[in-house]
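Chemist: For the sequence shown, UniProt numbering begins at 1 and goes up steadily by one. Have a look at the structure that comes next, please.
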Amino acid sequence: MASVMADPDGLKVSKGSNPSKKVRIIGKIRGFTDKESQSLTQDSKKWITVKKSQENDSSSKVMVSFESQSTSRKDPYELDYCYGQDEDIDMIYSREIKPIILEVLDGRNASVLALGARGSGKTYTIQGSREKPGLAVMAMSEILSKAMEFGKSVSVSLYEVVQDHAYDLSDPKHPEVQILEGAQGKIHLKGLSQVSVKSIQEFHNIYFSRGCFQKSVQKIPTEQMRSHKGLMIHVSSQDDNLKTKLTSKMNFVDLAGYEDPRRNIKDGTIFTESNRTNKSLYTLLNVVYALNADEKRVPYRESKLTRILQDSLGGTSHVLMLTCLNPSFCQDSVCSISLVSLSRRNAKQVLVDSTNRSRSSAKVKVTSSITSRKTPSTSLIMKKQIASSVLLSRKKDSSILRGRKLFDEEKSNNSKQLRSAPEDISATKSKLLPVVASDVTPLSFEQDKSICDVNLAMEPRENGTPLPISPNDMAIVLAEKDVSPHSKNLDARPGRLGEENVHLKKNEDGSPSLTERLREISNNLRSLCSSTPSRVEFLDNAVAPCSSHIDPKTPITEHAVERYYSPRGTFSNRSSGVKHSLVQEYLNFLNSANKEELKGLRGIGEKRANYILECREETPEPFKQLDDLHNIGLSAKQIRGMMKQVAGELFN
Ligand SMILES: Nc1ncnc2c1ncn2[C@@H]1O[C@H](COP(=O)(O)OP(=O)(O)OP(=O)(O)O)[C@@H](O)[C@H]1O
1 MASVMADPDG
11 LKVSKGSNPS
21 KKVRIIGKIR
31 GFTDKESQSL
41 TQDSKKWITV
51 KKSQENDSSS
61 KVMVSFESQS
71 TSRKDPYELD
81 YCYGQDEDID
91 MIYSREIKPI
101 ILEVLDGRNA
111 SVLALGARGS
121 GKTYTIQGSR
131 EKPGLAVMAM
141 SEILSKAMEF
151 GKSVSVSLYE
161 VVQDHAYDLS
171 DPKHPEVQIL
181 EGAQGKIHLK
191 GLSQVSVKSI
201 QEFHNIYFSR
211 GCFQKSVQKI
221 PTEQMRSHKG
231 LMIHVSSQDD
241 NLKTKLTSKM
251 NFVDLAGYED
261 PRRNIKDGTI
271 FTESNRTNKS
281 LYTLLNVVYA
291 LNADEKRVPY
301 RESKLTRILQ
311 DSLGGTSHVL
321 MLTCLNPSFC
331 QDSVCSISLV
341 SLSRRNAKQV
351 LVDSTNRSRS
361 SAKVKVTSSI
371 TSRKTPSTSL
381 IMKKQIASSV
391 LLSRKKDSSI
401 LRGRKLFDEE
411 KSNNSKQLRS
421 APEDISATKS
431 KLLPVVASDV
441 TPLSFEQDKS
451 ICDVNLAMEP
461 RENGTPLPIS
471 PNDMAIVLAE
481 KDVSPHSKNL
491 DARPGRLGEE
501 NVHLKKNEDG
511 SPSLTERLRE
521 ISNNLRSLCS
531 STPSRVEFLD
541 NAVAPCSSHI
551 DPKTPITEHA
561 VERYYSPRGT
571 FSNRSSGVKH
581 SLVQEYLNFL
591 NSANKEELKG
601 LRGIGEKRAN
611 YILECREETP
621 EPFKQLDDLH
631 NIGLSAKQIR
641 GMMKQVAGEL
651 FN
């Protein structure tokens, strides 16, 4: 049941339609601008529909759907409430913000976060203008009037977070703000000034006169630059003994507009900015998700913004996420609401940015749900099966939702049929392998399959024989065992190449040139093709150790055996190893080549070469996998094209 509070103005105030949720997530469809009113057709004006989630539902939950033909996404998204175009900011204020203010004056922290696509009305709603004040100004006015009554003092801080750096906006020098964590997780914002405010006029002068600060990113045109702008209202009082200063905070954050980073794909710098900004939005949504799902670990540390807000998001803080929606077709609006609605779902989904997929962070250890003991087995095939089934079902959504489900015990014990809907990915995984996550680290669905590291373990029975596993799992085990001798060979290949490369002509820095390295790989490919190991070797390495783990009653599918014993299977396993080596060499080259050498590569001109060098200055060896090339503004298609060219050159 929704808890309903009486509003002094006579309105019913729904204080969190779902009391179990820590973050209330609502929508607001912005009004039309004068220009839109004149230019938009009646049809394009009706692209959002808001319906009550269930007819008999006493809560105010709503389903928001988009009806334009131009968007492929027609699924409705559930929110705690959605304000229409005719419901203005005054109404949002009295229903959503006013009740929070009393709690802030009572010592509780609060955050109001406005998220949405560009131009969706975030600034209009949060800040407004001198003529038409937004939620923050209305809240400040109320806090100031009540502060006198309650004997409190009020001060404000203004900051801007640009590319994961926070700057003080109140200080004309805009120093960078450092976030320090004290005892018991208390956040101290070093370098963020607090300006005492006594009247709303004083506040207007501060709030409306501070410009945006984007000094750190001058390479990016200001109009393309996005940032989060925050207002922190501090309400302080002395305790009865006049010794301790008690402070509560109310935050209003006008978040950077969500934007599909692919739009700026032509320019590497802007693409990277876009990805970084989106990353902080994903982190915030992950935090919201973790809070809503009552997770033990909340990823505050993953972005500056969430660290700044840390003590006003968790604990007893009151958090309101306001999703602003453009009133006419806007794909980014659909994307942002889909992300937001995910963060309120009680499913194990986590959002990750597409840029941060380091090998280490991608590791997921999976152990059998019936085991605690591990066997050192790594599955490439299983990774591929899991990832490709996931990829297939998520292909459409992949660009905007870096979502994934983590393996969990509940799901792993669940023997549901495979289904293709994205929500059933975990079921797909559990069908492939009855596993649970131990030591779970986020894994992106889009992640390169080769970087997942899955440990399959089978618990032996007391007498030492393992428990039965399904035919599907059997295929995976066979696949793993079959792959391992080859992957061993192929994994050794870069090392061998290293040794063999000693005689090759070196670059000035002592490393062999890319062409030479590629030629070497080509030779290895040829020699591999001409020296297929005997079936006996295969059996020794692949089946024998595996069979010792298999319950005799478990059927071994012919199909699985054929698949990995056929010449085709052998060839395919080996060529994927060669492909891996080729990619590694290419990445090594990007991590070490000089500017001129870089410019010799397809798709890399002066600008991109410079950018690569800059990335290398920031982080040594920044390119660890092909997806890292997105960071320099290359699309997946361009990366594929480049690799095809590199591979093609082997046969010239
Ligand atoms: N409710 C409304 N009624 C009429 N016009 C509105 C309303 N909300 C916003 N606008 C207008 O829409 C335009 C975009 O609004 P706003 O600048 O607040 O968007 P934004 O989401 O903050 O954009 P950005 O992410 O680019 O900063 C502005 O011209 C604003 O005046």
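Glycine residues also receive a C-beta, built at the ideal position from the N, C-alpha and C atoms.
In the structure shown, what three-state DSSP assignment does Ala139 receive?
Modeler: Here Ala139 sits in helix by DSSP.
Chemist: Quick check: the region 105 to 115 against the region 186 to 202, are there 3 or more CB pairs under 8 Å?
Modeler: Because the criterion of three Cβ pairs below 8 Å is not met, the region 105 to 115 and the region 186 to 202 do not touch.
Chemist: What residues come near ligand 1, if near means a beta carbon less than 5 Å from any of its heavy atoms?
Modeler: In chain order, the hits are Arg30, Gly31, Thr33, Arg118, Gly119, Ser120, Gly121, Lys122, Thr123, Tyr124, Gly257.
Chemist: With H, G and I counted as helix, E and B as strand and the rest as coil, what does DSSP make of Arg24?
Modeler: Strand, per DSSP.
Chemist: Determine the DSSP secondary structure at Val62, reduced to helix, strand or coil.
Modeler: It is a strand residue.
Chemist: With respect to the beta strand (DSSP E) encompassing Tyr77, which residues constitute its N-terminal and C-terminal limits?
Modeler: Residues 77 to 79.
Chemist: Could you spell out where the beta strand (DSSP E) holding Leu601 opens and where it closes?
Modeler: Taken as a continuous stretch (DSSP letters only), Leu601 belongs to no beta strand (DSSP E), as it is neither H nor E.
Chemist: Check whether the Cβ atoms of Pro81 and Ser94 sit closer than 8 Å, and answer yes or no.
Modeler: Inspection of the sequence shows that residue 81 is occupied by Tyr rather than by Pro. Contact: no.
Chemist: Leaving aside the five residues before and after Asn591 along the sequence, list all residues of the same chain whose C-beta is less than 6 Å from its C-beta, in chain order.
Modeler: Excluding sequence neighbours, Asn591 sits near Glu621, Phe623.
Chemist: Which residue or residues does DSSP assign as beta-bridge partners of Asp164?
Modeler: In the DSSP output, where bridge partners are listed per residue, Asp164 has none listed.
Chemist: Secondary structure at Ser196, three-state DSSP: helix, strand or coil?
Modeler: DSSP places Ser196 in strand when its eight states are reduced to three.
Chemist: Note down, in chain order, each residue of its chain lying with its Cβ closer than 7 Å to the Cβ of Leu135, except the 5 sequence neighbours on either side.
Modeler: Hits under 7 Å: Ile89, Ile92, Tyr93, Ile97, Val112, Thr125, Ile126, Phe252.
Chemist: Comparing alpha-carbon positions, which option in Ser336, Ile308, Asp86, Ser209 lies nearest Gln178?
Modeler: Of the candidates Ser336, Ile308, Asp86, Ser209, the one whose C-alpha sits nearest the C-alpha of Gln178 is Ile308.
Chemist: Run through DSSP, which three-state label would Pro567 get?
Modeler: Three-state result, Pro567: helix.
Chemist: With a cut-off of 8 Å on the beta carbons, I'd call Ala609 and Leu626 a contact; round off their distance for me.
Modeler: 18 Å between Cβ atoms; not a contact.
Chemist: Under DSSP, the alpha helix (DSSP H) around Glu606 begins and ends at which residues?
Modeler: That run of the alpha helix (DSSP H) goes 606 to 618.
Chemist: Would you call the region 157 to 174 and the region 299 to 319 touching, i.e. three or more CB-CB distances under 8 Å?
Modeler: Short answer: they touch.
Chemist: Give me the DSSP bridge partner(s) of Pro133.
Modeler: The partner list for Pro133 (beta bridge, DSSP) reads Gly128.
Chemist: State the start and end residues of the unbroken beta strand (DSSP E) segment that holds Ser111.
Modeler: Its beta strand (DSSP E) spans residues 110 to 116.
Chemist: Are the CB atoms of Ser328 and Lys249 within a distance shorter than 8 Å?
Modeler: Contact flag unset, no.
Chemist: Could you pull out every residue in the same chain whose Cβ sits closer than 8 Å to the Cβ of Leu144, ignoring the five residues on either side in sequence?
Modeler: Once the five neighbours on either side are set aside, the close Cβ partners of Leu144 are Val154, Val197, Lys198, Ser199, Ile200, Phe203.
Chemist: Quick check on the burial criterion: 16 or more other C-beta atoms within 10 angstroms. Buried or exposed for Phe66?
Modeler: Buried, since its Cβ has 16 or more Cβ neighbours within 10 Å.
Chemist: Taking only three categories from DSSP, how would you classify Gln178?
Modeler: DSSP places Gln178 in strand when its eight states are reduced to three.
Chemist: On the CB-based measure, 16 or more other CB atoms within 10 Å of its CB, does residue 663 come out buried or exposed?
Modeler: Absent from the structure is residue 663, since the part of the chain shown begins at 1 and ends at 652.
Chemist: Met148: buried (16+ other C-beta within 10 angstroms of its C-beta) or exposed?
Modeler: Met148 should be labelled exposed.
Chemist: Let's see if you can read the secondary structure: which residues bound the beta strand (DSSP E) around Asp254?
Modeler: Start and end: 245 to 254.
Chemist: Could you please give the first and the last residue of the uninterrupted beta strand (DSSP E) stretch that includes Ile97?
Modeler: Where Ile97 is concerned, there is no enclosing beta strand (DSSP E), given that its DSSP letter is neither H nor E.
Chemist: Rounded to a whole number of angstroms, what is the C-alpha to C-alpha distance between Asp254 and Glu618?
Modeler: Approximately 29 Å, taken between the alpha carbons.
Chemist: If you follow the alpha helix (DSSP H) that Cys335 is in, where does it begin and where does it stop?
Modeler: Unbroken alpha helix (DSSP H) run through Cys335: 331 to 344.
Chemist: Considering only C-alpha positions, which residue in the set Arg602, Leu629, Gly605, Gly603 is nearest to Cys615?
Modeler: If we check each option's Cα against that of Cys615, Leu629 comes out closest.
Chemist: Hey, would you say Ser333 sits closer than 8 Å to Leu79, going by beta carbons?
Modeler: No, they are not a contact pair.
Chemist: Asp232 by DSSP, collapsed to three states: which one?
Modeler: According to the sequence shown, residue 232 is Met rather than Asp. Here Met232 sits in strand by DSSP.
Chemist: With distance defined between alpha-carbon atoms, name the residue in Gly633, Arg602, Met643, Leu613 nearest to His580.
Modeler: The shortest Cα separation from His580 among Gly633, Arg602, Met643, Leu613 belongs to Met643.
Chemist: What are the residues that DSSP puts in a beta bridge with His318?
Modeler: For His318, which the question treats as bridged, DSSP gives the partners Ala110.
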